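All remarks here apply to the structure that follows.
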Amino acid sequence: MTIRLIVVDDDPLVRAGLTLMLGGADDLEIVGEGADGREVPELVARHAPDVVLMDIRMPHVDGLTATERLRALPGAPEVVVLTTFHADEQVLRALRAGAAGFVLKDTPPAEIVAAVRRVAAGDPVLSPAVTRQLMTHVVERQPEQPRRTTAAARLAELADREREVAVAVGRGRSNAEIATELYMSVPTVKAHVSRILAKLGLNNRVQIALLVHDAGLSEAEDGV
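Under this note's numbering, the first residue of the sequence shown is numbered 11, with each subsequent residue one higher.
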């Protein structure tokens, strides 16, 4: 199935390069381009993309605001943010807003194509290792008390087994690793993750990891 893609970046050279690169993949189709976040709602309504590749820094409506507005809509496409930073507060905000991950602008072409395919398939771009690195370098080691209290209250809505799975996700474990640690099958882990997302109103496992970190559980469970 062809993946419909919109590219939003204020640099015409970057847009041209991404369009040329991504358009060369047989299963990707560039259906629209934008130069600013304020163009995104109209582009999405007109072209119905599966994925939006969104630059962060744009002059009028930045990619973070555009992502927040877009992901708040029902049936919104997945968003992958473009950045020049490996770990940045803006990237964290994008993930909290519901972006499926981020790619660096100097990422090799084949990896950007692979990232778009993964996101379209429902998998976040961030690997467990990158998730841990992002939280370590961007999020405060000790979350502010109001954030911690709110996060803990949300996790308390989960059943005990679901909470164990959520904490494992927050520690950056893969489904296979969680299955081994908690003595369950991989399909059961996936089912738990799906229920966690539905109960907490989250978009992907990266947001689960951030919530667990905010609650102060990701390090505590590791004995740190």
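Even for Gly, the Cβ is constructed at its ideal location relative to N, Cα and C.
Everything numeric in this text was worked out from a predicted model, so none of it was measured.
* With distances taken from CA atoms, which of M68, G47, D37 is nearest A125? -> Each of M68, G47, D37 was checked against the Cα of A125, and the nearest Cα belongs to D37.
* **Limits of the alpha helix (DSSP H) - the one that D170 falls within** => Per DSSP, D170 belongs to the alpha helix (DSSP H) from 170-180.
* **V179 to I188 span [Cα, whole Å]** => Cα-Cα distance, rounded: 8 angstroms.
* Asked: At which residues does the beta strand (DSSP E) containing E43 begin and terminate?
  -> Membership of E43 in the beta strand (DSSP E) is indicated by the continuous run 38-44.
* **Whole-angstrom distance between P134 and D46, CA atom to CA atom** => So the alpha carbons of these two residues sit roughly 24 angstroms apart.
* Asked: Going by the beta-carbon positions, is the gap between V17 and I40 smaller than 8 angstroms?
  -> By the CB criterion at 8 angstroms, V17 and I40 fall inside the cutoff.
* Less than 8 angstroms separating the beta-carbons of L111 and R81? -> It should be pointed out that residue 111 corresponds to Gly in this sequence rather than to Leu. No, the Cβ-Cβ distance between G111 and R81 is not below 8 angstroms.
* Asked: So, helix, strand or coil for D10, using DSSP?
  -> Here the chain covers residues 11 to 234 and nothing more, so residue 10 does not appear.
* For I66, three-class secondary structure by DSSP -> In this structure, I66 counts as coil in the three-state DSSP scheme.
* Of the listed residues L92, D224, V177, nearest to D72 (C-alpha basis) -> Taking D72 as reference, the option from L92, D224, V177 with the minimal CA-CA separation is L92.
* **Cβ-Cβ distance between L162 and A225 below 8 angstroms** => The sequence shown places Ala at residue 162, not Leu. In this structure, A225 lies closer than 8 angstroms to A162 by Cβ.
* To do: Could you check the C-alpha separation between A169 and N214 for me, to the nearest Å?
  => Taking the straight line from one Cα to the other gives about 19 angstroms.
* Run through DSSP, which three-state label would R151 get? -> With a pLDDT of 48 at R151, under the threshold of 50, the predicted position of this residue should be treated as unreliable, though the coordinate-derived value follows. Coil at R151, not helix or strand.
* Asked: Taking Cβ to Cβ, would you say L53 is nearer than 8 angstroms to I66?
  -> No, these two residues do not count as a Cβ contact at 8 angstroms.
* Where E121 sits in the DSSP three-state scheme -> Helix.
* Just confirm the distance between the C-beta atoms of P87 and V62, as a whole number of angstroms; I'd bet it's less than 8 angstroms. => Sure, about 5 angstroms apart at Cβ, within 8 angstroms.
* Asked: For P69, which residues of its own chain have a beta-carbon under 7 angstroms away from its beta-carbon, when the five flanking residues on both sides are left out?
  -> Excluding positions up to five away in sequence, the list reads D20, D46.
* **Candidates P22, V222, G27: closest to T117 by CA position** => Nearest of P22, V222, G27 to T117, Cα basis: G27.
* When the Cα atoms are used, what is the spatial distance from L210 to A35? -> Approximately 36 angstroms, taken between the alpha carbons.
* Asked: By the 10 Å Cβ neighbour count, where 16 or more other Cβ atoms means buried, how is Q152 classified, buried or exposed?
  -> Note that Q152 scores a pLDDT of 49, beneath 50, so its modelled location is shaky; the value from the coordinates is reported in the next line. Result: exposed.
* Residue nearest to P59 in terms of C-alpha spacing, selected from T12, T160, V24 -> The shortest C-alpha separation from P59 is found at T12.
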